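Numbering (the numbering used here), first residue to last: 11 to 816. See below for the structure under consideration.
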């Protein structure tokens, strides 16, 4: 007997919405803020990979509600971004209308999957009532000297008309192209807004220790921040007044320096290049224009460089060292200059071999004319000889410090955040550039600064955003007649996603948003922060999480939020791959639309299958057979409900199965072990089928409560069939009793000469003598003992009786 999933699912989705079953409550001292990484509403809609993380958070949200928690489980839309803008430019359509249409589609898909979101809390980053606060936060960053205009080299795509982040650029056939559309990308100096995230580097590092996050994500963030404790050492240029400051973590290897390497972008390159070397240097610098920073840092790629023609003097031994530039040195790390010790650094060694530069060794060991990177006693190093690494670093800094040649310094790989995009479809900067070169912010009372209505978005062709074409919006005149110009850049898509978890708290039932500075907002932040569980893909492990943590820590410092971290527990769900085991993609044609699965198998079957595939963090291939099995099991549950006699007096036969299920499922859900929790539900159903279609009704109700986390529509229907008038989601989580967790009876196998001949159902810890007697008397065993001599009796208490005969 199968149930009609279409009728049941539509019925209960309508009921939940009409009765506001999942409205955020404020009744308990216990709270659970359960958060999904909100989606970008593309035109393609969801594929079956999206519901994996969403189902996981929904399960925990449903459990917490039944456990008496106030639950906040919201959803919203990361609605600004390049795809909508490109669509608008190509088709002449309004990106706002296009985006709202996509949101409607996404929302309908999520509702069809039965997720228990509080849609009253829904936010849209492109809504002016939302980005009013985004603009307000930017203004506070500016007022605290954490936002400034700066000329920087950017990845410029003329075809897309915008600057791209390093992660949005690929190198194909030695040329930089955009990840989206593979359009040419070039390095171009432009005036851009940057946020000084580097000011928060140490706080961002220290805060990781407070968090229940995967170690892999913490390590990715630590590596991205890239803290290095070392020193700046001054190298004087031979016969010239310039000094090159070099950052190093290994001052102890200074006697092994064979050359100095500058980043090609270093400000002294042009000054220190001799006339004879200028053509080669210029050619080299041009050759690396199409190399991304990620490419230049890749240790597997061959490194290249060129000699400038000038030298520095090593301050410890007056040795003359050539000055080179090389692609593997980047301008933003340290000072943009490194002292090369090829004997003890792999990149320096490879570079020295390629360009026939000398190699010397200052650490004892088996060098064999190769790079030696192990620790050891120092050699060939005068006053450092015989010292280990730690002692040698301290001694080198002491000696060089007394000569004012070295200064202790901490350096970070983290760069300030490039915060400008040359797009129309983004948050406008609340900034005015005046004709006297001054800058002012739009008054807070005049926020939000909204985008002008544009009938046909076109690139400006000037390097600015399409907003540069909208002269009536662009031009400003103050009360004294001074002329100004609005900022034509817009904020990156990251801006809205930096604080959206706060936006949910500010969203009111009437559709308005609280002022982030209000007493009401502060009270909500105090109750709900930090987020208890945040689930999303690992592709956001660095940038989104780092940027959100930076904004949150800033808001904490200015006393807007009461916690120093936004997300306490983070989990990265694995991907659902195509049936061929490869990542789902449009080009491969292996994307599976959840709408089709909901039609054919039902949302409950899809949810159950995705949670039963394996551990949440694992990436696993889709299996239609697995989906079929999930549906068949739900049909089995439904048949049991229709054909069972529910009794009100407990006959005790399901005590162990039920209480074990409740205990294990509760514990497994706390640990997000969804697949094994489902296994426990299946074990209980198997026990019910063995019980001759008679089930103690309170146990069945408890089972339905657990089932409702995974298959909420079917659970609601079966709950309703028992006569309940209110949603199962509003019932109490089932309890278990310890006394029922021990089996009174067990099954002991009886073997004759190692072959199974019978099973005995006996009380636990039945004596060996009684087991032996029962085994010999069993009707299935006696034929194998007739006219045979028992030569050995093997008894394993509570498990096996084995009779050896001849």
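Quick reminder that beta carbons are idealized off the backbone N, C-alpha and C, glycines included. The model shown is predicted, which means the values in this text are computed figures rather than measured ones.
Inset, instruction - Would you check if the distance between the CB atom of residue 382 and the CB atom of residue 365 is smaller than 8 Å? - result: Taking 8 Å as the cut-off, the Cβ atoms of residue 382 and residue 365 do not count as close.
Inset, instruction - Identify, in the order they occur along the chain, each residue of the same chain with its Cβ nearer than 7 Å to the Cβ of residue 236, setting aside the five sequence neighbours on each side. - result: Once the five neighbours on either side are set aside, the close Cβ partners of residue 236 are 422, 423 and 424.
Inset, instruction - Taking all protein chains shown into account, decide if residue 36 is buried (16 or more other Cβ within 10 angstroms of its Cβ) or exposed. - result: Answer is exposed; the Cβ neighbour count stays below 16.
Inset, instruction - Would you kindly work out how many angstroms separate the C-alpha atoms of residue 90 and residue 116, rounded to a whole number? - result: Between residue 90 and residue 116, the C-alpha separation is close to 15 Å.
Legend entry - Of the residues 265, 456, 426 and 736, the one placed nearest residue 389, counting alpha carbons only: The residue with the shortest Cα to Cα distance from residue 389 is 265.
Inset, instruction - List the DSSP bridge partners of residue 654. - result: Looking at the DSSP assignment, residue 654 forms no beta bridge with any residue, so it has no partner.
Inset, instruction - Determine the contact status of residue 791 and residue 760, defining contact as a CB-CB distance below 8 Å. - result: For residue 791 and residue 760, yes; Cβs fall inside 8 Å.
Legend entry - Other residues of its chain near residue 42: CB distance less than 6 Å, five sequence neighbours each side excluded: Cβ within range, chain order: 74, 79, 81 and 542.
Legend entry - residue 39 in three-state terms, based on DSSP: Residue 39 carries a coil assignment under DSSP once its states are collapsed to helix, strand and coil.
Inset, instruction - Out of 462, 201 and 182, point me to the one whose CA is closest to residue 193's CA. - result: Answer by Cα proximity: 182.
Legend entry - Pick from 215, 315 and 104 that is closest to residue 574, judged by C-alpha positions: Out of 215, 315 and 104, the CA that lies nearest to the CA of residue 574 is found in 215.
Inset, instruction - Using 10 angstroms around the beta-carbon of residue 764, count the other beta-carbons present and answer buried if the total reaches 16, otherwise exposed. - result: When all chains shown are included, residue 764 counts as exposed.
Inset, instruction - Using alpha carbons as the reference points, say which of 378, 685, 593 and 207 lies closest to residue 636. - result: Considering only alpha carbons, the answer is 685.
Inset, instruction - Report the option in 689, 727, 808 and 661 whose CA atom is closest to the CA atom of residue 703. - result: The shortest C-alpha separation from residue 703 is found at 661.
Inset, instruction - Spatial neighbours of residue 86 within its chain, please: CB distance less than 8 Å, with the 5 preceding and 5 following residues excluded, ordered by chain position. - result: Once the five neighbours on either side are set aside, the close Cβ partners of residue 86 are 48, 131, 132, 133, 134, 135, 510, 513 and 514.
Inset, instruction - With residue 675 as the anchor, note down where its alpha helix (DSSP H) starts and where it stops. - result: Counting along the chain, the alpha helix (DSSP H) containing residue 675 begins and ends at 665-680.
Inset, instruction - Spatial neighbours of residue 398 within its chain, please: CB distance less than 7 Å, with the 5 preceding and 5 following residues excluded, ordered by chain position. - result: Within the same chain, residue 398 has close Cβ partners 385 and 387.
Legend entry - Simplified DSSP state of residue 409, which is helix, strand or coil: In the displayed model, residue 409 falls within a helix according to three-state DSSP.
Inset, instruction - Label residue 641 either buried or exposed according to how many other C-beta atoms from any shown protein chain fall within 10 Å of its C-beta, with 16 as the threshold for buried. - result: Label assigned to residue 641: buried.
Inset, instruction - Would you kindly check if the distance between the Cβ of residue 368 and the Cβ of residue 248 is under 8 Å? - result: No.
Inset, instruction - Express the C-alpha separation of residue 300 and residue 106 in angstroms, rounding to a whole number. - result: Cα-Cα distance, rounded: 34 Å.
Legend entry - Proximal residues to residue 750 (C-beta, below 7 Å), its chain only, five neighbours per side dropped: Closer than 7 Å at Cβ, skipping near neighbours: 665, 666 and 669.
Inset, instruction - Kindly give me the distance between the Cβ atoms of residue 736 and residue 19, rounded to whole angstroms, as I take these residues to be in contact under 8 Å. - result: In fact, because the Cβ distance is near 19 Å, the residues do not count as touching under 8 Å.
Inset, instruction - Only counting runs of 3 or more residues, tell me where the beta strand (DSSP E) segments fall wholly within the region 321-386, in order along the chain. - result: Listed in chain order, the complete beta strand (DSSP E) runs (minimum 3 residues) inside the region 321-386 are 330-336 and 347-350.
Legend entry - Opposing strand residues paired with residue 182 [DSSP bridges]: 185.
Legend entry - Uninterrupted alpha helix (DSSP H) stretches inside the region 465-517 (no shorter than 4 residues): Segments of the alpha helix (DSSP H) lying fully in the region 465-517: 481-484, 504-507 and 510-516.
Inset, instruction - Using 10 angstroms around the beta-carbon of residue 624, count the other beta-carbons present and answer buried if the total reaches 16, otherwise exposed. - result: The residue is exposed, with fewer than 16 neighbouring Cβ atoms inside 10 Å.
Legend entry - Pick from 360, 321, 179 and 232 that is closest to residue 253, judged by C-alpha positions: For residue 253, the closest C-alpha among the options 360, 321, 179 and 232 is that of 321.
Inset, instruction - State buried or exposed for residue 58, treating a residue as buried only when at least 16 other CB atoms are found within 10 Å of its CB. - result: With 16 or more Cβ atoms within 10 Å of its Cβ, residue 58 is classed as buried.
Inset, instruction - Have a look at the DSSP bridge pairing and note the partners of residue 544. - result: For residue 544, which the question treats as bridged, DSSP gives the partners 45 and 580.
Legend entry - Three CB pairs or more closer than 8 Å across the region 534-553 and the region 577-594: Of all C-beta pairs linking the region 534-553 to the region 577-594, three or more are shorter than 8 Å, placing the two stretches in contact.
Legend entry - Selection from 728, 210, 613 and 227 that minimises the alpha carbon distance to residue 649: It is 728.
Legend entry - Backbone CA spacing between residue 654 and residue 705 [nearest angstrom]: Taking C-alpha positions only, residue 654 is separated from residue 705 by approximately 7 Å.
Legend entry - Beta-carbon contacts of residue 278 that lie in its chain and below 7 Å, excluding the five residues immediately before and after: Excluding residues within five positions, the ones whose Cβ falls inside 7 Å are 252, 254 and 272.
Inset, instruction - Return the CA-CA distance between residue 201 and residue 440, expressed in angstroms with no decimal places. - result: Per the coordinates, the alpha-carbon of residue 201 lies some 17 Å from the alpha-carbon of residue 440.
Inset, instruction - Take the Cβ of residue 283 as the centre, count every other Cβ of all protein chains shown within 10 Å, and call the residue buried at 16 or more, exposed below. - result: With 16 or more other Cβ atoms inside 10 Å of its own Cβ, residue 283 counts as buried.
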